Amino acid sequence: MDTIFSLIPPSLLVLSFGVSALAGLVKGMVGFALPMILISGLGSFLSPELALAGLILPALISNAVQALQHGFGAALASLKRFRVFLGAGLLCLLLSSQLVRVLPVPVLLAMIGGPVALFCIMQLAGWRPHLKNGQNRFAEVVIGSVAGFIGGMSGVWGPPMVAYLTAIDTEKREQIRVQGVAYGLGALSLTGAHTVSGVLNAQTVWFSAFLVVPSMLGMWLGMKVHDRIDQAAFRKITLWVLLVAALNLLRRAFLG
281 MDTIFSLIPP
291 SLLVLSFGVS
301 ALAGLVKGMV
311 GFALPMILIS
321 GLGSFLSPEL
331 ALAGLILPAL
341 ISNAVQALQH
351 GFGAALASLK
361 RFRVFLGAGL
371 LCLLLSSQLV
381 RVLPVPVLLA
391 MIGGPVALFC
401 IMQLAGWRPH
411 LKNGQNRFAE
421 VVIGSVAGFI
431 GGMSGVWGPP
441 MVAYLTAIDT
451 EKREQIRVQG
461 VAYGLGALSL
471 TGAHTVSGVL
481 NAQTVWFSAF
491 LVVPSMLGMW
501 LGMKVHDRID
511 QAAFRKITLW
521 VLLVAALNLL
531 RRAFLG
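In this text, residue positions in the sequence shown follow my numbering: the first is 281, and each later residue adds one.
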């Protein structure tokens with residue numbers, strides 16, 4: 281605990297616990313948004329690098345649970361089906377992750393808050409992309425690369441993938457599973473990449489490990505109430521919360 285307190289005061293640690301529990305709750309209900317909530321929430325009162333380090337282990341473990349909830353065989357089938365998307369995304373994630381140490385803080389904040397805010401605004405406005413011919417390899421390369429590039433710098437690669445899966449009318453159970461597989465592979469790559477970049481180190485790894493507990497508790501609760509809520513209404517509320525958090529990051533980027 282002394283190592284954690286050297287990075288963050290107790291009051292902000294408690295606040296981080298609450299943000300992580302909320303992120304896990306939403307993750308359990310809708311299958312995504314844990315990194316977005318963590319990076320947006322933690323980034324509102326912590327440095328971008330510490331916020332990014334904090335989300336790495338909760339993302340890794342929660343996505344492993346989500347990917348394997350229907351068994352290893354189902355996860356492998358989803359991996360094979362979306363291998364082009366995942367390959368492009370992972371390559372760009374590994375490349376862009378090394379930019380975290382060299383980009384100025386305001387630029388990093390803008391690159392995190394901008395994509396999240398744009399995604400929320402489009403979804404709240406009713407935008408639902410649709411590809412008439414279903415799964416498209418070219419679209420997978422392009423969208424996967426964009427998702428990976430953003431994810432390497434911010435830990436957030438979900439919005440482009442959610443948009444693509446929605447556009448090809450992916451069945452609900454498979455969509456949840458594919459997201460878990462994709463985000464799990466991304467989280468594993470992110471862990472390795474930011475061990476190399478220095479974002480995840482002997483000090484920050486303890487903060488990230490601490491956040492696993494509230495994240496998993498929140499996810500467990502979210503999965504319990506998943507079938508008992510109006511998911512569309514809750515998702516809209518979540519988008520509004522994310523939008524406010526993302527706009528706050530943009531405020532910090534441009535106004536200080």
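The beta carbon of each residue, even a glycine, is placed where N, CA and C say it ideally should be.
Just so you know, these numbers come straight off a predicted model, no measurement behind them.
- Sequence-distant partners of Asn528 (beyond 5 residues in either direction) whose C-beta falls short of 8 Å from its own C-beta, in its chain, are Ser320, Ser324, Gly393.
- Looking at Thr518, Leu348, Val461, Ser300, the one whose alpha-carbon comes closest to that of Ala331 is Ser300.
- Taken through DSSP and simplified to helix, strand or coil, Gln349 comes out as coil.
- Distances from the CA of Ile517 to each of Glu454, Ile317, Leu292, Leu356 were compared; the closest alpha carbon is that of Ile317.
- Between Ala443 and the set Leu322, Gln455, Leu501, Leu293, the nearest pair of CA atoms involves Gln455.
- Distance between Gln349 and Gly424, taken at the CA atoms: about 24 Å.
- If you look at Pro290, you'll find it in the alpha helix (DSSP H) that goes 290-310.
- Between Ser296 and Leu491 a beta carbon distance of about 6 Å is seen, short of the 8 Å cut, so the two are scored as contacting.
- Rounded to the nearest angstrom, the gap between the Cα atoms of Phe365 and Arg515 is 25 Å.
- Residue environment: Pro315 is assigned as buried (16 or more neighbouring CB atoms within 10 Å of its CB, all protein chains considered).
- Distance from the Cα of Gly304 is smallest, within the candidate group Ala525, Cys372, Ala513, Met503, for Met503.
- Taking Arg532 as reference, the option from Ala473, Met441, Val387, Cys400 with the minimal CA-CA separation is Val387.
- Around the beta carbon of Pro494, 16 or more other beta carbons sit within 10 angstroms, so the residue counts as buried.
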